[in-house]
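So the sequence shown is numbered by my numbering: it starts at 76 and just counts up by one. Each residue gets a CB set at the ideal place from its N, CA and C atoms; glycine is no exception. Quick notes on the structure that follows.
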Amino acid sequence: MKWISVSVFAALLACVLAWVPAWARTPPAMAPAAQRADRIVVDKAKRRMQLFNNNMVIRTYSILLGDAPSGHKRQQGDERTPEGDYRISGRNHNSRFHLSLRVSYPNDADRKQARARGVDPGGDIMIHGGTPAGYRRDWTDGCIALTNQQIEEVWSLVPTGTPIRINP
Numbered sequence: 076m077k078w079i080s081v082s083v084f085a086a087l088l089a090c091v092l093a094w095v096p097a098w099a100r101t102p103p104a105m106a107p108a109a110q111r112a113d114r115i116v117v118d119k120a121k122r123r124m125q126l127f128n129n130n131m132v133i134r135t136y137s138i139l140l141g142d143a144p145s146g147h148k149r150q151q152g153d154e155r156t157p158e159g160d161y162r163i164s165g166r167n168h169n170s171r172f173h174l175s176l177r178v179s180y181p182n183d184a185d186r187k188q189a190r191a192r193g194v195d196p197g198g199d200i201m202i203h204g205g206t207p208a209g210y211r212r213d214w215t216d217g218c219i220a221l222t223n224q225q226i227e228e229v230w231s232l233v234p235t236g237t238p239i240r241i242n243p
């Protein structure tokens, strides 16, 4: 009887351990410093994001944006992707969208403009995964979306603090 209990316990433990990687993944390691991006440029109209190192493009990605992609983000819930100069201000390896890098929106100018209009500027703008390969429709609430494979590469190449310019 004891042998059966041990066998059942071992089988249950094996099932749990097989499931753990789905929610406890380890994020990709950072690339060597010489290979990392020192600047990101997003072109909303072309749905393109480029990573630069020493003024040379090191990666180019097709991106998807918010459901209302034209124009600068003005307030919470407008589903626009902001335009302007920001920084990567944080990293989330437990994102609902695989991995995510936080964009420092709103900046001081965004907060000032929103305050003048009496609205909340919004926030939680990210570069994240979650886009199925081959999907071509804007779908986020204002974020910059990549495939999971792409965000893993971006995660390893983009340190916190990297400047990001988002162009119309």
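Counting along the chain, Asn130 sits inside no beta strand (DSSP E), nor does DSSP assign it H or E at all.
Counted as a single uninterrupted DSSP element, the stretch harbouring Leu232 is not any beta strand (DSSP E) but the alpha helix (DSSP H) occupying residues Asn223 to Leu232.
Counting C-beta pairs with one atom in each stretch, the segment 156-166 and the segment 188-195 have fewer than three that are closer than 8 Å, which means they do not touch.
Pairwise C-beta distances place the segment 173-181 out of contact with the segment 121-132, as fewer than three of them are shorter than 8 Å. Under the criterion of beta carbons closer than 8 Å, Arg111 and Leu221 do not qualify as touching, at roughly 17 Å. In the three-state reduction of the DSSP assignment, Arg114 falls in the strand class.
Considering only Val229, Arg166 and Gly209, the residue with the shortest C-alpha distance to Ile200 is Arg166. Each residue's CA atom was taken as its position, placing Val132 and Arg240 some 14 Å apart. Runs of the beta strand (DSSP E) lying entirely within the segment 119-173 and spanning at least 3 residues, in chain order: 123-128, 131-137 and 159-167. Closest by C-alpha distance to Ala108, out of Thr237, Asn242 and Gly146, is Thr237.
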